[in-house]
Amino acid sequence: MITEHALLYLSSRLFAAAANLAAVALFTRLAASDVYGGYLLIFSWAFVIYGFLGQWLGAAFFAIYQREAATSQIGVLGRLWLGSLGMAGTMIAAAAVAGVVPWPVAGALFLVVMSLLLFITVMEAERTRLEARVVATILVLRAALMIGFGTLCLVAGGGALALAVALALANIVAALPGLVRLAPHFGAASDRTAMSGFFAYGWPLMVAFGATALGQNVDRLVLAHVVGTVQLGPYGASSDFLKQS
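Counting in the numbering used here, the sequence shown runs from 183 upward without gaps.
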């Protein structure tokens, strides 16, 4: 069983990596530089926000997971997920109210953050529960949907916001097979032991993951601020291609 699970996971990761490489090649052919650069800027900010507020959830769940207490732990995970999403929404809305971010961009950014929170948290929870087939399914589904939704968006003449929304929807739809399996546990009674376990293990990771995400995206954020999204497009495309190859 362990060998089967490892092969399933490895093959799905390889498929996803190949699909991501194909997506970069395809999107850069179909999108103008400013469109691709604008999409990259939205996702860069989304990854930073997700790194500080949401990435720790999956790691903490893995650290405290016990099969006999799974129902209550998944229930706590769901509540913390909602709390993280609420904090992200508040931050983004505050930036929009202050005029830092236009409301349409804020809406797209929130949807992307939500999609990352949903997809990665669900995937990590199912991987922790050794649901190899579910994890493989959502990885392959996400890769296929990102190419499909992104291509349809660009062929239809969509811009940076539309592309970001399309890829966010791909994440959300791909997470559904895992979400359906976790959803029955979300209504479990609150467990203080599980909650304290999440925070005891997770709070240092909030800083660590957030700093890592900022470090991985700061070049794109600075470049977009200094020279604009037109120049960010080719730079980001080259960087993404090298990462995936």
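For each residue, glycine too, the CB sits at the ideal point set by N, CA and C.
For residue i versus residue j, is the C-beta spacing smaller than 7 Å?
{"i": "valine 322", "j": "phenylalanine 225", "result": "no"}
{"i": "phenylalanine 391", "j": "tryptophan 238", "result": "yes"}
{"i": "tyrosine 232", "j": "alanine 346", "result": "no"}
{"i": "serine 254", "j": "aspartate 373", "result": "yes"}
{"i": "aspartate 401", "j": "valine 206", "result": "no"}
{"i": "aspartate 216", "j": "threonine 411", "result": "yes"}
{"i": "leucine 403", "j": "alanine 356", "result": "no"}
{"i": "glycine 236", "j": "leucine 299", "result": "yes"}
{"i": "alanine 350", "j": "leucine 267", "result": "no"}
{"i": "glutamate 308", "j": "glycine 360", "result": "yes"}
{"i": "alanine 201", "j": "alanine 325", "result": "yes"}
{"i": "alanine 406", "j": "leucine 223", "result": "yes"}
{"i": "methionine 305", "j": "isoleucine 320", "result": "yes"}
{"i": "isoleucine 274", "j": "alanine 288", "result": "yes"}
Could you check which residue in the options has the C-alpha nearest to that of residue i?
{"i": "threonine 310", "options": "Gly219, Asp373, Ala395 and Gly240", "result": "Gly240"}
{"i": "cysteine 335", "options": "Ala199, Tyr218 and Gly268", "result": "Tyr218"}
{"i": "alanine 338", "options": "Phe209, Ile354, Ser194 and Tyr191", "result": "Phe209"}
{"i": "arginine 195", "options": "Ala314, Val295, Ser266 and Tyr247", "result": "Ala314"}
{"i": "phenylalanine 234", "options": "Ala419, Gly360, Leu396 and Tyr191", "result": "Leu396"}
{"i": "leucine 291", "options": "Ala278, Thr303 and Thr375", "result": "Ala278"}
{"i": "phenylalanine 229", "options": "Met388, Val409 and His407", "result": "Met388"}
{"i": "alanine 352", "options": "Ile329, Val283, Tyr247 and Met273", "result": "Ile329"}
{"i": "proline 366", "options": "Ile320, Tyr247 and Val258", "result": "Val258"}
{"i": "proline 286", "options": "Ala342, Tyr247, Ala204 and Tyr191", "result": "Ala342"}
{"i": "glycine 340", "options": "Met377, Ala214, Tyr191 and Val282", "result": "Ala214"}
{"i": "tyrosine 247", "options": "Met377, Ala419 and Val316", "result": "Met377"}
{"i": "leucine 312", "options": "Ser420, Arg249 and Leu203", "result": "Arg249"}
So residue i packs on residue j, CB below 8 Å; how close in whole Å?
{"i": "phenylalanine 331", "j": "alanine 318", "result": "Contact flag wrong, Cβ pair sits at about 20 Å."}
{"i": "alanine 245", "j": "tyrosine 417", "result": "At roughly 37 Å, the Cβ-Cβ gap does not stay under 8 Å, so alanine 245 and tyrosine 417 are not in contact."}
{"i": "leucine 364", "j": "isoleucine 256", "result": "6 Å"}
{"i": "glycine 260", "j": "phenylalanine 368", "result": "4 Å"}
{"i": "threonine 333", "j": "leucine 212", "result": "7 Å"}
- Pick out the complete alpha helix (DSSP H) segments inside the segment 283–336, 4 residues or longer, and give them in chain order. 285–310
- Please list the segments of the alpha helix (DSSP H) lying wholly inside the segment 373–411, counting only runs of 4 or more residues, in order along the chain. Complete alpha helix (DSSP H) runs here, min 4: 374–409.
- Could you pull out every unbroken alpha helix (DSSP H) segment of at least 4 residues lying fully inside the segment 221–251, listed in chain order? Here the runs fully enclosed are 237–246.
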